[in-house]
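Colleague: Chains as they are written, first to last, in the working numbering: chain A, 1 to 279; chain B, 1 to 279; chain C, 1 to 279; chain D, 1 to 279.
Protein chains: 4
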Amino acid sequence: MDFLKIAEKYRVVFFDAYGVLKSSSGILAGLQATLDGLQERGIEFYILSNDASRSPQEMAAAYSLHGIEQLGEERNISSGIMARDFLQAKVKQGKVAYLGKPNSAYYIESAGLEAVPISEIDIHQADGIKALVFLDDDGFDWYQDLNKALNLLLRKNMPAIVANSDHSYPASLDESAIAIGSLAEMVEKIVGKNFIFFGKPDSQIFSYGFELAKQNLKDLQKQDILMVGDTLTTDIIGGNKFGIDTMLVLSGNTLPQKARLQIKTTGIIPTHICTSIVS
Amino acid sequence: MDFLKIAEKYRVVFFDAYGVLKSSSGILAGLQATLDGLQERGIEFYILSNDASRSPQEMAAAYSLHGIEQLGEERNISSGIMARDFLQAKVKQGKVAYLGKPNSAYYIESAGLEAVPISEIDIHQADGIKALVFLDDDGFDWYQDLNKALNLLLRKNMPAIVANSDHSYPASLDESAIAIGSLAEMVEKIVGKNFIFFGKPDSQIFSYGFELAKQNLKDLQKQDILMVGDTLTTDIIGGNKFGIDTMLVLSGNTLPQKARLQIKTTGIIPTHICTSIVS
Amino acid sequence: MDFLKIAEKYRVVFFDAYGVLKSSSGILAGLQATLDGLQERGIEFYILSNDASRSPQEMAAAYSLHGIEQLGEERNISSGIMARDFLQAKVKQGKVAYLGKPNSAYYIESAGLEAVPISEIDIHQADGIKALVFLDDDGFDWYQDLNKALNLLLRKNMPAIVANSDHSYPASLDESAIAIGSLAEMVEKIVGKNFIFFGKPDSQIFSYGFELAKQNLKDLQKQDILMVGDTLTTDIIGGNKFGIDTMLVLSGNTLPQKARLQIKTTGIIPTHICTSIVS
Amino acid sequence: MDFLKIAEKYRVVFFDAYGVLKSSSGILAGLQATLDGLQERGIEFYILSNDASRSPQEMAAAYSLHGIEQLGEERNISSGIMARDFLQAKVKQGKVAYLGKPNSAYYIESAGLEAVPISEIDIHQADGIKALVFLDDDGFDWYQDLNKALNLLLRKNMPAIVANSDHSYPASLDESAIAIGSLAEMVEKIVGKNFIFFGKPDSQIFSYGFELAKQNLKDLQKQDILMVGDTLTTDIIGGNKFGIDTMLVLSGNTLPQKARLQIKTTGIIPTHICTSIVS
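And the structure:
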């Protein structure tokens, strides 16, 4: 069924990014037309993504590069933002060690904290380190730095924050990659302490999106919102639990020929199913 | 340190109920004075509890019975309310099977749905059943009804909702009891489908409390709120993750002589520690 | 392919019981002919089952009742026997509390210990209790006795033994039942201590069968043995890991139309697949 | 209490290696005297270790280098040997991909198979690859090669074997390191298939040691054997479950000041506790 036909029953659409708006080969052809269609119908839209690899500005710039100007930084709500808000509220000041690319350090620095790559930390002199953040799977030496993270947490009691709880992601059309959420869970199990994970299916990012949308639409209700995602275990169960309608698209993680079986075996039931948001 | 001395730095206090306001022997002596102290200082308070065993009215009545009138139903926010809102938004109409006491069916009925005890369900004629809710550990035959719940979920794809994710609770001064969250997790593992769990540490109940408090205090910020609880793995990590300050009290699950060790081994660090909310 | 055609390449066959030799409607028609066929070919056979609900004598009697005399008690190797050997070696003397039918107490009593149903235990006077054994899902009040087991283990440090690690079992042609392994895991998680689980896929029962078979066939090698089972996650992965050949039969837990998919999704690859051991 | 005083009640001693016979600073001073003491008393001994980083010959050579000749290769029973026997029995021929040091490939090659480092595998042409083995945390590029292992297993159904199930190990006096068992579990969770894990606490390595010891002592019983280890969750629970007596030594993973608490919190109860095997 046509995406816009379904979407026009709602006032706000939340999109997952990867597998919905873009793929390993880039922005979906036809995305511009779909966004125009939403705007013509007066429907607001936001991106809710599990991602802390780069800043909202950089996320927006990647769309802008392809001529799409409607997905500005204020619409790019990521699990990284949830982590940043946590750091701001709970850590307040000092040095924060991180695993990830230099770009991903944005989520520490924009909280007013000093971001230090774990590689530059001396675990024997870690008194000034206030927290450790798992941001992205890229940008560090897994062997050296995961072992260093383990020993830092074994020595000093500090919050360990995971800014993207995803276990894997599609690295190309036919390859998967281990995501930072998996690496963090592995270290958590060895350390034996409770890490703090951010990202769908947890409801916090949905609350954030809801609050943001309400700033423009004062009387917005949950039933006015549609979450569109390609992954049952994050987008769909998260949206369901938050109490909003959900649409599974078959342009990403969930292959068309497997959708029915996966819905049955997981028990996660989307409100709608649609091939893609583009026609 | 004195509870009120710490509390007066905040505008709103969220209390866990069991282990904080009451114990197996009843309401804490001195609770009235503490609530009066908060009101004198203009501090609002709400209860955030993992509980779907009875309605907010009944929860309020239990305090009222002891002369405490400031904890009315509108202040009793429970995981049951989260489940009710989910049912209302996502199931909408029809029959909903449940495990729990007749009293706990409130959370289905107040969503405008028909609550049917699992014992009355014929799993061979389950077409009309729209969802299954795990409400409370009491009020049903564990052997008969847990097996029936298992077979209902194996036969028909429907949402399984857990209205209280707690694993155990104190049944008396020196005895624990298996809570509905444990029973639900056991069935979930056998069925192999994803159940939807409500309750602390999940952030949804904190969001709900925050929104409610903002209705009276428009400019309320997260830093204005203190979560007071006796359990590190629900109250404290949940409050921390939501971005509010937390206080561990030693009047319930966390024994005074074990608090420091448990903070160290779990890595869950409360903002404050206080013997009790009464002096 | 014909079972005996495959079996004749081996010197010893290990059978799972339920789903292989019998079903909820009783002994498989044709079982006698298959066992005769094995004996004509000089092939030894044993039963390796996850079961502690009754003694080997009673297991043998159930076959004898249907005229099958070749499955005597000495051929009925069960997870209960593993638990009995543990109790004999490690507990040695005293009282042992249990959850299960009176019949299942055989595995405690034959270890020279005194079996006491958990319902008869006073947890306030539990000094004489040396261990707790989870034997069978039947024969006790789940609500009363699981809570009592929980509190016994919280009060006194003692070994907790699970004599059958299965999570569920087929209760009839179209119904499943929660098995004692699931109940034990639930209590283990709340108590936070390490229980000792017996049963396939753990290699201990395979070692036991191998040693027993070697008593008659001194030069027996692992490659001479075929494990026949209906469950990938117990019979087949257990046999594979122990280093013997495995045959998946489609007469029980693994339905014919789902076998290929389940092999692919679990990654558990049997050496052979056969519709049934009877033709 | 003196180790030899306890040991002389047994006919065979199984030693864990790391934390018992050696530490990060090398062989324990006094080990020679202890082994001499055992031999004077006619007590046999074997090493049962979770290790697939190098061959039994190399393990023996490391003791020999320090003048200890009684710990020859035939006494070095490792989880690697269990994996080798599995490969020999179940894979039989062809190429086997591995993660680990070149030295650890011994456990593939001595099974008569061709060992290929995962880095040399082209996952697009993986038809000839019969299995994947996780041998050791060292000797490969974690980022490149763990992602490659993930994609190999997602593309082709093959057994995934973990030759050492340990989660972490002491890298130096005050540092821990992530072990191959943790890395394998992380990949297993993403792939969603069942890997085959070898090593204590699983009983297979104890069975192997028992069989080996019986070759010299025909009438050896389980009660004649003492397992000596420094880790409750591998050495002690494994030995307990196998039905032999166990001794916890405080020279490794379990610190003297924490032993009692850890026994209580884990519920894993050693038969004996001893500071060290040397006096």
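All C-beta atoms in this analysis are idealised placements derived from N, C-alpha and C, irrespective of residue type, glycine included.
Closer than 9 Å by beta-carbon distance: list the chain D residues that pair up with C/I225, in chain order.
Modeller: Simply none; closest approach about 10 Å.
Colleague: Report the residues of the stretch 151-185 of chain B with a CB closer than 9 Å to any CB of chain C, ordered along the chain.
Modeller: Per Cβ criterion, the list reads N151, L154, R155, H167, S168, A171, D174, E175, S176, A177, I178, A179, S182, L183 and E185.
Colleague: Quick check: what's the CA-CA separation for A/V249 versus A/D36?
Modeller: So the two alpha carbons sit approximately 19 Å from each other.
Colleague: For A/I6, which residues from the same chain have a beta carbon less than 8 Å from its beta carbon, with the 5 sequence-adjacent residues on both sides left out?
Modeller: Cβ within range, chain order: L226, M247, H272 and C274.
Colleague: Does any residue of chain C have a CB that is nearer than 9 Å to the CB of D/N216?
Modeller: Closer than 9 Å: no.
Colleague: May I ask you to verify whether the stretch 202-217 of chain A touches the stretch 89-100 of chain A, counting CB pairs closer than 8 Å and requiring at least 3?
Modeller: Counting Cβ pairs under 8 Å, fewer than three are found: no touch.
Colleague: Okay, do the stretch 148-156 of chain D and the stretch 122-133 of chain D touch, 3+ Cβ pairs below 8 Å being the bar?
Modeller: A contact exists between the stretch 148-156 of chain D and the stretch 122-133 of chain D.
Colleague: Go through the stretch 12-51 of chain B residue by residue and report every complete run of the beta strand (DSSP E) that reaches 3 residues or more, in order.
Modeller: With a minimum length of 3 residues, the continuous beta strand (DSSP E) runs that stay inside the stretch 12-51 of chain B are 12-15 and 44-49.
Colleague: Tell me, to the nearest whole angstrom, how far the beta carbon of B/D51 is from that of B/N164; I am working on the premise that it is less than 8 Å.
Modeller: Their Cβ separation, rounded to whole angstroms, is 6 Å, which keeps B/D51 and B/N164 in contact under 8 Å.
Colleague: Where do the ends of the alpha helix (DSSP H) carrying B/F210 lie?
Modeller: B/F210 -> alpha helix (DSSP H) spans Q204 to N216.
Colleague: Is there at least one non-hydrogen atom of the ligand ADP closer than 8 Å to the beta-carbon of B/F3?
Modeller: This structure does not include the ligand ADP; it has no bound ligands of any sort.
Colleague: For B/V249, report the span of its beta strand (DSSP E) as first-last.
Modeller: Element bounds for B/V249: D245 to V249.
Colleague: Just tell me which of B/T266, B/R75 and B/D235 has its CA closest to the CA of B/G19.
Modeller: Among B/T266, B/R75 and B/D235, the Cα nearest to that of B/G19 is on B/D235.
Colleague: Going straight from the alpha carbon of D/S53 to that of D/A177, what length do you get?
Modeller: If I take the Cα positions, the gap works out to 14 Å.
Colleague: Run through chain D and tell me which residues come within less than 8 Å of A/N253, C-beta to C-beta.
Modeller: The premise fails here: A/N253 is roughly 13 Å from chain D at the closest Cβ pair, so nothing lies under 8 Å.
Colleague: Residues of chain D with CB closer than 7 Å to the CB of C/K90, please, in chain order.
Modeller: Within 7 Å Cβ-Cβ: N240 and G243.
Colleague: Mind checking which residues open and close the alpha helix (DSSP H) that includes B/M59?
Modeller: Taken as a continuous stretch (DSSP letters only), the alpha helix (DSSP H) holding B/M59 covers P56 to S64.
Colleague: If distances are taken between C-alpha atoms only, which option among D/E73, D/M158 and D/L48 comes closest to D/Y98?
Modeller: For the residues D/E73, D/M158 and D/L48, the minimum Cα distance to D/Y98 belongs to D/M158.
Colleague: Could you please give the first and the last residue of the uninterrupted alpha helix (DSSP H) stretch that includes B/A111?
Modeller: Unbroken run through B/A111: none, as it is neither H nor E.
Colleague: For A/G128, which residues of its own chain have a beta-carbon under 7 Å away from its beta-carbon, when the five flanking residues on both sides are left out?
Modeller: G94 and K95.
Colleague: When you compare the CB of D/D202 with every CB in chain C, is at least one pair closer than 9 Å?
Modeller: So, interface residue.
Colleague: Span of the beta strand (DSSP E) holding C/G229?
Modeller: Its beta strand (DSSP E) spans residues I225 to G229.
Colleague: D/L38: which of D/F14, D/A115, D/L261 and D/A29 sits nearest, CA to CA?
Modeller: Nearest of D/F14, D/A115, D/L261 and D/A29 to D/L38, Cα basis: D/F14.
Colleague: Alpha carbon to alpha carbon, what distance is there between A/I47 and A/K241?
Modeller: Roughly 18 Å between the two C-alpha positions.
Colleague: Would you say D/K189 lies against chain C (beta-carbon separation less than 9 Å)?
Modeller: Closer than 9 Å: no.
Colleague: Anything in chain B within Cβ reach of C/L146, meaning under 9 Å, just list it in chain order.
Modeller: Ordered by position in chain B, the residues that pass the 9 Å Cβ test against C/L146 are W142 and I178.
Colleague: Whole angstroms is fine: what's the gap from D/Y10's alpha carbon to D/G238's?
Modeller: Going by the C-alpha atoms only, they are around 18 Å apart.
Colleague: Tell me, please, whether the CB atom of C/I196 is closer than 9 Å to any CB atom in chain D?
Modeller: It does: the Cβ of C/I196 has a partner Cβ on chain D nearer than 9 Å.
Colleague: Which word fits B/K200, buried or exposed, when buried means at least 16 other C-beta atoms lie within 10 angstroms of its C-beta?
Modeller: The residue in question, B/K200, is buried, as its Cβ has 16 or more Cβ neighbours within 10 Å.
Colleague: Label B/E120 either buried or exposed according to how many other C-beta atoms from any shown protein chain fall within 10 Å of its C-beta, with 16 as the threshold for buried.
Modeller: Classification for B/E120: exposed.
Colleague: What is the residue span of the alpha helix (DSSP H) that A/Y10 lies within?
Modeller: Unbroken run through A/Y10: none, as it is neither H nor E.
Colleague: Just to make sure I have the definition right: I need the residues of chain C whose C-beta is within less than 9 Å of the C-beta of D/D85. Which are they?
Modeller: Chain C residues near D/D85: K222 and G243.
Colleague: For D/L183, collect the residues of the same chain with a Cβ closer than 7 Å to its Cβ; drop the 5 residues on either side in sequence, then sort them by chain order.
Modeller: Taken in chain order, the residues that qualify are F134, D137 and L146.
Colleague: Closer than 9 Å, CB to CB, is C/D127 near chain F or not?
Modeller: The structure shown has no chain F; the protein chains it does contain are A, B, C and D.
Colleague: Check for me: the alpha helix (DSSP H) holding B/A149 runs from which residue to which?
Modeller: Counting along the chain, the alpha helix (DSSP H) containing B/A149 begins and ends at W142 to R155.
Colleague: Checking the sheet assignment: what are the DSSP bridge partners for D/I129?
Modeller: D/K95, per the DSSP bridge assignment.
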